[in-house]
Structures are given as C-alpha cells and as structure tokens.
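*Asks:* The structure is given below, and queries will be raised subsequently.
2 protein chains.
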Amino acid sequence: MTEAEFLQSYDPKAFPHPSMTVDLVLMTVRDGKLAVLLQQRGDHPFKDHWASPGGFVGIDEGLDEAAERVLLAKTGLPAGGWLEQLYTFGDPARDPRMRIITVAYFALLPLEVLSRALLARSDLELVRLEVPWPGERGGAVSASAAGGANLDLAFDHAEVLGTAVKRLRGKLDYSTIAFALLPELFTLRALQDVHEAILGVSLNKPAFRRRMLDKGWIEGTGEREQGTSYRPAELYRLKPNQGD
Amino acid sequence: MTEAEFLQSYDPKAFPHPSMTVDLVLMTVRDGKLAVLLQQRGDHPFKDHWASPGGFVGIDEGLDEAAERVLLAKTGLPAGGWLEQLYTFGDPARDPRMRIITVAYFALLPLEVLSRALLARSDLELVRLEVPWPGERGGAVSASAAGGANLDLAFDHAEVLGTAVKRLRGKLDYSTIAFALLPELFTLRALQDVHEAILGVSLNKPAFRRRMLDKGWIEGTGEREQGTSYRPAELYRLKPNQGD
DNA sequence: TGACATATATCTAAGTTGCACATATCATAT
DNA sequence: ATATGATATGTGCAACTTAGATATATGTCA
Numbered sequence: 001m002t003e004a005e006f007l008q009s010y011d012p013k014a015f016p017h018p019s020m021t022v023d024l025v026l027m028t029v030r031d032g033k034l035a036v037l038l039q040q041r042g043d044h045p046f047k048d049h050w051a052s053p054g055g056f057v058g059i060d061e062g063l064d065e066a067a068e069r070v071l072l073a074k075t076g077l078p079a080g081g082w083l084e085q086l087y088t089f090g091d092p093a094r095d096p097r098m099r100i101i102t103v104a105y106f107a108l109l110p111l112e113v114l115s116r117a118l119l120a121r122s123d124l125e126l127v128r129l130e131v132p133w134p135g136e137r138g139g140a141v142s143a144s145a146a147g148g149a150n151l152d153l154a155f156d157h158a159e160v161l162g163t164a165v166k167r168l169r170g171k172l173d174y175s176t177i178a179f180a181l182l183p184e185l186f187t188l189r190a191l192q193d194v195h196e197a198i199l200g201v202s203l204n205k206p207a208f209r210r211r212m213l214d215k216g217w218i219e220g221t222g223e224r225e226q227g228t229s230y231r232p233a234e235l236y237r238l239k240p241n242q243g244d
Numbered sequence: 001m002t003e004a005e006f007l008q009s010y011d012p013k014a015f016p017h018p019s020m021t022v023d024l025v026l027m028t029v030r031d032g033k034l035a036v037l038l039q040q041r042g043d044h045p046f047k048d049h050w051a052s053p054g055g056f057v058g059i060d061e062g063l064d065e066a067a068e069r070v071l072l073a074k075t076g077l078p079a080g081g082w083l084e085q086l087y088t089f090g091d092p093a094r095d096p097r098m099r100i101i102t103v104a105y106f107a108l109l110p111l112e113v114l115s116r117a118l119l120a121r122s123d124l125e126l127v128r129l130e131v132p133w134p135g136e137r138g139g140a141v142s143a144s145a146a147g148g149a150n151l152d153l154a155f156d157h158a159e160v161l162g163t164a165v166k167r168l169r170g171k172l173d174y175s176t177i178a179f180a181l182l183p184e185l186f187t188l189r190a191l192q193d194v195h196e197a198i199l200g201v202s203l204n205k206p207a208f209r210r211r212m213l214d215k216g217w218i219e220g221t222g223e224r225e226q227g228t229s230y231r232p233a234e235l236y237r238l239k240p241n242q243g244d
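Just so you know, the sequences run in chain order C and V.
Quick note on full-length UniProt numbering: the first sequence kicks off at 1 and runs consecutively.
Quick note on full-length UniProt numbering: the second sequence kicks off at 1 and runs consecutively.
Pasting the structure below:
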C-alpha cells in the first residue's frame, strides 16, 4: 500500500482500533471421546456460560507468543504438544461490550499431562465435546458436563469449537497431529483409539495398522507394554523430525 | 473469561491496541500459470517493492466485509468468485512503522473477468507467481514480471503468497474451488488446465476426466464450444448449490 | 489349559492409473 | 463435391495399488 493510500484508507471515523485477543481451544481425548478445556464465566456478558480461555494480545507480542502465554497461564505448561493457529473471528457483534477480534488457536495435549496440570485449577474444566459430521442429525456443536447436561457456550465459541474439530479431523491422516495426544511411547491400539475418538467412528484394525506403518512416521521400540492381562502390545514412538 | 480476569489480563502497559488490516491475495490463471494481483509501493517502507492490496478494518466492520470492500475498491468487482480467510499474520516486526496485524484473504477470479476490471487500473499488475513444492530445489516463493525479472516482495508477503498457494493446492480436489477460475460454461480441458496450472504438473486426461465426472459436481449442457479447428468439446457447468 | 488381545497372512473387492483406440470436427487438396 | 489428414475429444481395457474382512498364529495371565 502506498503512503497516500495508507492515509486515504485510514478513515478518521474508523480510527479507534479493535481489541485483539487469542482464544485457546485445548483439546484432548478422555474415555475414548473428545474433550475440551473450558472455563465458566462469572460475570456478564454470558454469565455462567462456558468459554475457551483467552487473553489480550500485547502490543509487542506475536500471536503465537500470546497463545503460548495463555496456555502457560492456564495450565502451567509450555507448548510442548501441538499449537496451531485456527481461524480469526471478527464479527463486530461477537462481544456485546466492544469490538474484539480474536485469533483462535488450537492445542492438543495427552490427558495424563493435562489432568496433572489441572489438579491445581478449580476454575477450569475438561468437558466432553461432540461435533456431528456435516449432514448428521442433531447438527449442532455441544459441550456436556460430567453428568451429561449440555452446557451453554459463551460468545461465538460454539462456532470456534466446531471449526477446531473440523480442522483436527481434516489433518488427522496427512499429518502427525494425533501423536500430540499420546505419550512418547504408545501402542498401535492406543493410536487407533485416538483416531476413533476424533473421527467418532470405529476403524478396521489390520488396515489401520498397515496404513500407519506404511506412512513411515513411527518406529517400533523392542519394548512392550506392561501390566496387561493378555498379550502385551509393542510400544512405538514417533520418529524424530516428523513434525507437521 | 471472567471480568476479573479481563481486567487482570488487560495489562495497562499493553493498552495501545494493534492496528488491524486485511490483505487480499487475488489469484488467477494466465497462460497456464498462476498469477497474482500485486501493487508496487511508491513510498517507504519497502519502496518499489510489491505488495498484496489491503486496507484497514473499520471499527464496526466484519473481517469478510472488509475483504470484500478491498476487493471492490481495487477491482470494482463484488465478491462473485471465491473469497476465503487464509491466515492471520501478526509478527510485531512485520511492519517497521507500527504494530499491524493483518488477516490475509485469498480470492479467485477468472482471467477474463479480472483483466476486464483491471483495464482502468494502472497501479495494479497481474504478475506470474511461482511456489515450488516442499523439498523442491529453489525453494523460495517468487513473483516475476512480464519480462521474467523477479520482483521484490514487501513486508512478509512472500510468506503470505506461499500460504495462499499451499491452501489453494490443498483444497483443489476436495472442494469446488477450481471453478471460481472458470467461466460459467467450460470444457473439461479448460478445467484440467486450471488444475495443472495450480499444481504445476501435468495430469492424465482420461483419469482426470473420470474423477471429475464421478465427483458429481458438474453436469454437461448439450452445447459445444465454438470456433475450434478441431472437434469441439462439450460445455459443462457447475451444478447449483455445490458451493464449498 | 482357556481366555484375551496383539500381530500377521491371505483372499477378495474396489478404486485408480496409464495406454491404446475410436470418434467427431475442421482444413486442405484433388 | 468428395476425400484425406490433422487434431483434440471421448471410451474401453488391462495392470496396479489400496482397503476391508476373515482366519490364524503369538504371547501373557488366571
């Protein structure tokens, strides 16, 4: 843009800048189902509704940096797993107080890591997340508490969560995204469980096994899992430098 | 976020808000190659470098709305073809003057429509865009003028253009995105040309033909193209309601 | 020895790819 | 006017690759 155009398009009545936040959709798999970290609001607007944690973007802070800061503030964890920009939501009416544009990020962590970090936080909760496939009946995104009751989502966060799950499903078989939900050593069965939880369908075991091994992302350690009452499965690991 | 946290995270020293812009990556296919609409900067910073057209986001203006406004301002065209949010770039150093976060959009238009609209604009130019595949030699995004000389890109726009082409390639075979680059009636050969230009490879004709027909997106009109010195191909059209 | 889940081998079906050939139209020549 | 060649569209077929299902072997514990 030329300086002239800069001034021209910089309409004085548009002078007040929007506020910028990042919102963090932190997902994991629990009991074979997708779960997301939400926070219940204590004040208006959307009092008692549930929202993804977020924070304002500092004036000298990068977006990824802001997302990592929010993650650290909420879970105490550095961005070890997966952290990726999702989409930017900027409907002028999305927050009734003022104009806030939010850059949504989504993060993935294994349940073990996440629940350990959440022991100290009573204000955050992991809730079950259901996102039907396009065309499926009951087409709305829903988050439900332990009891099973549906939770009300604040702002446009139903849309945000829906976008996050769509992205997760879409990248599942051409990226190593699923491994962010597993510990360093895992069995093929555990990997399949993660895929099934995300996709919401059950998969053919031998075919899944073949596909995963053919991709060349993982390698077997000689070791086997312990404490099973049946034949212990071999433990695999993600090969180094397979990021993305 | 609770009101308490709102105030807490709203650090006073972070009070000045970033500026928000949208940048428009408008692409088309010309002579079997990808081309993008760029504008040469007349002033510092990045004087004489080339940039995607953009504009500030109004305080009461949605992001999609802002992108459509930029499109209309530059080409005089409403968003008839394809307009989709791409990614948000927010490196604090991306603009040396001040903190500007930009939401990049990408738009597609057929060359006929675009060149007609650009007759009146001498400040905008359609330049050849080359984005190598990952791992390919000469791994940098490059834009080149009619003569073939490489153009310098302003700000982080090389990254922006690279991201746009990656998205375009990725969505090519599971969405109807290619049809935004074709007139209402088109031949299968023209559709294949678009695919080959975007992917930068040549495709097998019978296989391509079958794949396209099997997807069920298009339907034959009885009509045939005219003015050929060989067998005229049948004209197809995108079925209604195949958007996305 | 039986129960159980992992792991492997094999068969079948389905889909994809590449090549060859037939078809339709226009241009040119006789 | 008719025949022939050139060119690109459109179709048929065979080889290859991939996915799904079933059956079977393996290893551990009760």
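Heads up, the beta-carbon is just placed ideally off N, CA and C, and yes, glycines get one too.
For V/ASP23, does the three-state DSSP call read helix, strand or coil?
*Replies:* Residue state, collapsed to three classes: strand.
*Asks:* Who are the Cβ neighbours of V/ARG169 in its own chain at under 8 Å, not counting the five residues just before and after it?
*Replies:* Hits under 8 Å: ILE198 and LEU199.
*Asks:* Can you confirm whether C/GLN192, when its beta carbon is compared against all beta carbons of chain V, has any partner nearer than 8 Å?
*Replies:* It does not; no Cβ of chain V falls within 8 Å.
*Asks:* Would you mind sorting residue 274 of chain C into buried or exposed? The rule is 16 or more other CB atoms within 10 Å of its CB.
*Replies:* One cannot answer for residue 274 of chain C here, as it falls past the ends of chain C, which runs 1 to 244.
*Asks:* Does the separation of the CB atoms of C/THR102 and C/GLY54 fall below 8 Å?
*Replies:* Their beta carbons are under 8 Å apart, which means C/THR102 touches C/GLY54 by this criterion.
*Asks:* Report the residues of the region 82-97 of chain V with a CB closer than 7 Å to any CB of chain C, ordered along the chain.
*Replies:* Correct list: GLN85, TYR87, THR88, GLY90, ASP91 and PRO92.
*Asks:* Going along the chain, which residues of its own chain have a beta-carbon closer than 6 Å to the beta-carbon of V/TRP50, five neighbours each way excluded?
*Replies:* So the list reads LEU38, GLN40, LEU151 and LEU153, once near-sequence residues are dropped.
*Asks:* Going along the chain, which residues of the region 142-174 of chain V sit with their C-beta nearer than 8 Å to a C-beta in chain C?
*Replies:* Those residues of the region 142-174 of chain V that come within reach of chain C (Cβ to Cβ, closer than 8 Å) do not exist; the list is empty.
*Asks:* Output, in sequence order along the chain, the residues in the region 17-28 of chain V whose CB is closer than 8 Å to any CB in chain C.
*Replies:* Listed by position along the chain: HIS17, PRO18, SER19 and MET20.
*Asks:* Using the beta-carbon count (16 or more within 10 Å), is V/TYR236 buried or exposed?
*Replies:* With 16 or more other Cβ atoms within 10 Å, it is buried.
*Asks:* Within 8 Å (strictly less), CB to CB, does C/ASP60 reach chain V?
*Replies:* By this cut-off, C/ASP60 is an interface position.
*Asks:* What residues of chain C sit near V/LEU126, judged by a beta carbon separation below 7 Å?
*Replies:* Residues of chain C passing the Cβ test: none, with the nearest at roughly 18 Å.
*Asks:* Who are the Cβ neighbours of C/TRP82 in its own chain at under 7 Å, not counting the five residues just before and after it?
*Replies:* Closer than 7 Å at the Cβ level, and outside the excluded window around C/TRP82, lie ALA107, LEU108, ILE177 and ALA180.
*Asks:* Could you tell me how far apart the beta carbons of C/GLU112 and C/PRO183 are, in whole angstroms, since I believe they sit closer than 8 Å?
*Replies:* Right, their Cβ atoms sit about 7 Å apart.
*Asks:* Pull up the distance between the alpha-carbon of C/GLN226 and that of C/THR187, whole angstroms please.
*Replies:* Their backbone Cα atoms lie some 11 Å apart in a straight line.
*Asks:* In this structure, what does DSSP give as the bridge partners for V/ILE101?
*Replies:* Note: V/ILE101 sits in a beta bridge opposite V/MET20.
*Asks:* Identify the residues that DSSP records as bridge partners of V/TYR174: which are they?
*Replies:* V/TYR174 is not bridged to any residue.
*Asks:* State the start and end residues of the unbroken alpha helix (DSSP H) segment that holds C/ARG237.
*Replies:* Taken as a continuous stretch (DSSP letters only), C/ARG237 belongs to no alpha helix (DSSP H), being part of the beta strand (DSSP E) at 234-238.
*Asks:* For C/TYR105 and C/ALA67, which I take to be in contact (beta-carbon distance under 8 Å), what is that distance rounded to the nearest angstrom?
*Replies:* C/TYR105 to C/ALA67, Cβ: 4 Å. Contact.
*Asks:* Look at the Cβ atom of V/THR28, then the Cβ atom of V/PRO110, and state whether they are nearer than 8 Å.
*Replies:* Contact: yes.
*Asks:* Closer than 9 Å by beta-carbon distance: list the chain C residues that pair up with V/VAL113, in chain order.
*Replies:* Going along chain C, no residue has its Cβ under 9 Å from V/VAL113, so there is no contact; the nearest lies around 23 Å.
*Asks:* Which residues in the same chain have their Cβ closer than 6 Å to the Cβ of C/PHE242, if we skip the five residues on either side of it in sequence?
*Replies:* Inspection of the sequence shows that residue 242 of chain C is occupied by Gln rather than by Phe. Contacts found: THR176 and TRP217.
*Asks:* Between V/ARG128 and V/ALA35, how many whole angstroms is the CB-CB distance? I'm expecting something under 8 Å.
*Replies:* Going by Cβ atoms, the distance from V/ARG128 to V/ALA35 rounds to 6 Å, so yes, they are a contact pair.
*Asks:* What first and last residue would you give for the beta strand (DSSP E) that runs through C/GLU219?
*Replies:* Taken as a continuous stretch (DSSP letters only), the beta strand (DSSP E) holding C/GLU219 covers 218-224.
*Asks:* Can a CB atom of chain C be found closer than 8 Å to the CB of V/ILE101?
*Replies:* True, the Cβ-Cβ gap to chain C drops below 8 Å.
*Asks:* Name the chain C residues whose beta carbon is nearer than 9 Å to that of V/LEU63?
*Replies:* Those within 9 Å of V/LEU63 in chain C are THR88, PHE89, GLY90, ASP91 and ILE101.
*Asks:* If distances are taken between C-alpha atoms only, which option among C/LYS33, C/HIS17, C/LEU213 and C/SER52 comes closest to C/ASP123?
*Replies:* Selected option, being the one with the closest Cα: C/SER52.
*Asks:* Which value, in whole angstroms, describes the spacing of the CA atoms of residue 253 of chain C and C/LEU238?
*Replies:* In the structure as shown, chain C starts at 1 and stops at 244, and residue 253 of chain C therefore has no counterpart that could be examined.
*Asks:* Determine the chain C residues that contact V/VAL131 at a beta-carbon separation under 7 Å, and present them in chain order.
*Replies:* Within 7 Å Cβ-Cβ: nothing; V/VAL131 doesn't reach chain C, min ~17 Å.
*Asks:* Along chain C, in chain order, which residues have C-beta atoms closer than 7 Å to that of V/VAL36?
*Replies:* None at all; the shortest Cβ gap to chain C is about 16 Å.
*Asks:* Does the distance from the CB of V/VAL160 to the CB of V/ASP64 come in under 8 Å?
*Replies:* Contact: no.
*Asks:* Using the C-alpha atoms, what's the distance from C/ARG97 back to V/GLU3?
*Replies:* Its pLDDT being 44, under 50, V/GLU3 is placed unreliably by the model, and the measurement read from it follows with that caveat. The alpha-carbon atoms of V/GLU3 and C/ARG97 are separated by roughly 11 Å.
*Asks:* Can you list, in chain order, the residues of its chain whose CB lies under 8 Å from that of C/GLN85, leaving out five sequence neighbours each side?
*Replies:* Here the set comprises LEU63, ASP64, ALA67, VAL103, ALA104 and TYR105.
*Asks:* Do V/PHE155 and V/ARG94 have their C-beta atoms closer together than 8 Å?
*Replies:* The answer is yes: Cβ separation under 8 Å.
*Asks:* Using a beta-carbon distance below 8 Å, is C/VAL57 in contact with chain V?
*Replies:* Answer yes: the Cβ-Cβ gap between C/VAL57 and chain V drops below 8 Å somewhere.
*Asks:* Have a look at C/GLY76, C/GLY42, C/PHE208 and C/ASP60 and flag the residue whose alpha-carbon is nearest the alpha-carbon of C/ALA120.
*Replies:* Considering only alpha carbons, the answer is C/GLY76.
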